[in-house]
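Below is one structure, written out as structure tokens, with a few remarks after it.
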Amino acid sequence: MSVTTSQAETLESIKEVIKEKSVELLHLQFVDIEGILKHVTVTVEQLEQVVDGKIMFDGSSIKGFSPINKSDLYLQPDLNTFAVLPWSVEEGYSEARFICSVKTPTGDDFEGDPRNVLKKTVEKAADQGYSISVGPELEFFLFETDELGRPTQQTQDFAGYFEPSPHDNGEKVRLEIYRALKQMGFTIEASHHEVARGQHEINFKYNNALSAADLATTYKWVVKTIAKKFGLHATFMPKPIAGENGSGMHVNISLFDNEKQANAFYDETDSRQLSEKAYQFIAGLIKNVKNFVAVTNPLINSYKRLVPGYEAPCYIAWSASNRSALIRIPATRGAGTRVEIRCPDPSANPYLAFALIASAGLDGVNNKLVTPEEVTDDIFSMTSEELKMREIDHLPSSLEFALNAFEEGDIGKATLGEHVFGEYVELKRKEWDSFRTTVHGWELESYHTKF
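Following UniProt numbering, the numbering of the sequence shown begins with 1 at its first residue and continues without gaps.
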């Protein structure tokens with residue numbers, strides 16, 4: 001790999017940190033098709049090989065990657081993702097990580113790498129004159145573990161929304177997570193207890209789309225790592241407790257007009273101070289959401305969150321402020337004008353999710369789609385007749401229906417590429433089929449003695 005001047009400067013600063021912090025091991029990280037973090041660890045003496053992208057691995061052993069006859073793949077680190085791991089630091093010793101993109105033996109981007117999918121989407125937007133900014137909000141639960149360290153269904157606290165200690169026993173855990181994230185380069189904006197018992201959220205500042213996905217992936221890893229140090233299990237499962245609010249990953253997204261050097265969604269002359277492109281972007285999301293929700297909400301469990309009564313949006317509508325709508329516009333204007341889509345959950349692969357959300361919105365901009373009428377009323381309180389009369393559609397009610405829509409639509413294959421699209425559908429069809437053919441506890445409780 002040829003190194004640019006800026007990369008050389010970054011590499012020199014990395015070497016200084018390595019010396020200062022006595023870094024001995026480097027973890028080269030990437031994600032599989034589900035967004036599960038993987039890494040291979042090398043010694044710091046191999047830094048030059050690492051930077052040159054010469055660290056090889058077996059792609060056939062990674063879910064959704066390569067067949068065994070084309071298994072050799074290489075890791076190309078993004079130097080901007082270098083970070084020392086706070087929990088590894090000792091006197092005279094520490095470890096660090098890079099997030100990597102995956103390359104083929106010929107040096108091309110590997111089409112099955114989710115990070116490369118998002119990079120391609122970002123490049124397409126740049127060709128149209130836009131930069132994409134994303135700010136995800138990931139909620140999680142903390143559960144107690146048993147004597148063997150296995151997660152239980154006992155939450156770590158019974159506090160409610162914004163409650164402090166002594167009710168919120170998770171405050172100390174969140175504080176340690178905050179400290180670790182800050183040391184790894186995050187800008188933390190807020191930390192609080194969420195609505196459900198044992199549920200938490202730590203918000204970090206928005207970034208460009210690729211960096212935001214890197215941050216979201218790192219965030220999930222750090223949360224789980226720190227929780228384990230407290231003898232707890234952190235989960236990003238969308239609906240771990242029946243009858244409680246589930247965990248979402250609200251995605252705030254905006255376009256920056258590179259030519260005008262301004263937020264493309266802001267127009268002070270509009271009654272809502274939204275530009276024509278903002279409305280078109282919203283229209284693109286509304287048009288395509290049923291065709292990409294299988295990726296933003298990828299689990300069977302995801303659709304147990306997307307039901308009325310628990311604040312999660314299940315109806316396809318938009319509003320400037322109404323939180324019962326799928327898409328809303330936070331109050332901030334000017335440079336901070338953005339669109340928030342509220343259906344995604346934190347089990348999603350952020351690289352694929354952000355790519356599809358951006359592509360769907362840009363589809364609206366490119367085709368000058370018209371936004372439907374804003375819904376300002378509480379959608380959750382509407383009857384089925386009212387919903388029908390106002391032509392408010394709903395999201396797919398199961399992973400099976402979501403996959404059907406994903407395959408029928410165009411946005412999935414166009415954004416992900418044939419490799420990732422095909423591998424993803426096959427993986428999720430198998431997941432649904434396994435669930436469909438399993439006899440569950442509810443069935444035994446309901447039917448075993450009755451019939």
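C-beta atoms are modelled at their ideal positions from N, C-alpha and C, and glycine is treated no differently.
- Boundaries of the beta strand (DSSP E) harbouring Met56: Ile55 to Asp58, taken from the DSSP string.
- Rounded to whole angstroms, the separation of the alpha carbons of Asp32 and Asp58 is 13 Å.
- Only residues of its own chain outside the window of five on either side were considered, and among them Leu26 and Ile55 have a CB closer than 8 Å to the CB of Gln46, listed in chain order.
- The stretch 248-259 and the stretch 326-343 touch, with three or more beta-carbon pairs separated by less than 8 Å.
- Non-local beta-carbon contacts of Lys38 in its own chain, meaning distances under 8 Å to residues more than five positions away in sequence, involve Gln29, Phe30, Val31, Asp32 and Ile62 in chain order.
- Burial is judged here by how many other beta carbons sit within 10 angstroms of a residue's own beta carbon; Pro344 has at least 16 and is buried.
- As a beta-bridge residue in DSSP terms, Phe141 pairs with Gln199 and Thr235.
- For Thr43, there is no enclosing alpha helix (DSSP H); the residue is part of the beta strand (DSSP E) that begins and ends at Leu37 to Thr43.
- Separation of the CB atoms of Ile316 and Ile286 is rounded to 6 Å, and the pair is thereby assigned contact status at 8 Å.
- Shortest Cα-Cα distance from Lys182 to any of Ala209, Ser101, Glu408 and Asn203 involves Asn203.
- DSSP places Val50 in the uninterrupted alpha helix (DSSP H) bounded by Leu47 to Val51.
- Arg179 counts as exposed, since fewer than 16 other C-beta atoms from the protein chains shown sit within 10 angstroms of its C-beta.
- Ranking Leu306, Ala190, Ile177 and Leu73 by CA distance to the CA of Trp221 puts Ile177 first.
- Taken atom to atom, the span from the alpha-carbon of Thr437 to that of Ser6 is near 55 Å.
- Within the model, the alpha-carbon separation for Asn80 versus Trp87 is close to 20 Å.
- Relative to Gly53, the option among Ser60, Ile36 and Leu75 whose CA is nearest is Leu75.
- Contact annotation: Thr43 and Glu20 have beta-carbon atoms that are not nearer than 8 Å.
- In the three-state reduction of the DSSP assignment, Gln183 falls in the helix class.
- Going by DSSP, Ala212 is part of the alpha helix (DSSP H) stretching over Ala209 to Lys229.
- Restricting attention to Ser398, Thr218, Val295 and Glu268, the CA atom closest to the CA of Leu138 is found in Thr218.
- In the DSSP annotation of this structure, the continuous segment of the beta strand (DSSP E) that includes Glu189 starts and ends at Ile188 to His193.
- For Leu274 and Val370, the gap between their C-alpha atoms comes out near 14 Å.
- DSSP places Met249 in the strand class (E or B) of the three-state scheme.
- If the five residues before and after Gly361 are omitted, its C-beta is found closer than 6 Å to the C-beta atoms of Phe281, Gly284 and Leu285, all from its own chain and listed in chain order.
- Residue burial annotation: Tyr351 is buried, with at least 16 other C-beta atoms found within 10 angstroms of its C-beta.
- The C-beta distance from Thr187 to Lys172 rounds to 22 Å, too long to fall under 8 Å, and the pair is not in contact.
- Excluding sequence positions up to five before and after Ser302, its CB lies within less than 6 Å of the CB of Pro238 and Asp345, all in the same chain and listed in chain order.
- In terms of Cβ geometry, Arg197 and Asp157 form a close pair [threshold 8 Å].
- Nearest neighbour of Thr225 by Cα position, chosen from Lys388, Ala125, Leu142 and Thr296, turns out to be Leu142.
- Judged by their CB atoms, Val223 and Ala402 are not nearer to each other than the 8 Å cut-off.
- Gln49 is classed as exposed because its beta carbon has fewer than 16 other beta carbons within 10 Å across all chains shown.
- When rounded, the separation of the alpha-carbon atoms in Thr41 and Ile99 is 12 Å.
- Comparing C-alpha distances from Lys277 to each of Val365, Glu385, Ile132 and Ile36 shows the shortest one belongs to Val365.
- Counting C-beta atoms within 10 angstroms of its own C-beta, Asp113 has 16 or more neighbours from the protein chains shown and is therefore classed as buried.
- Between Ala358 and Ala209, the C-beta spacing is below 8 Å.
- In this chain, Leu26 is not harboured by any alpha helix (DSSP H); it is covered by the beta strand (DSSP E) spanning Val23 to Val31.
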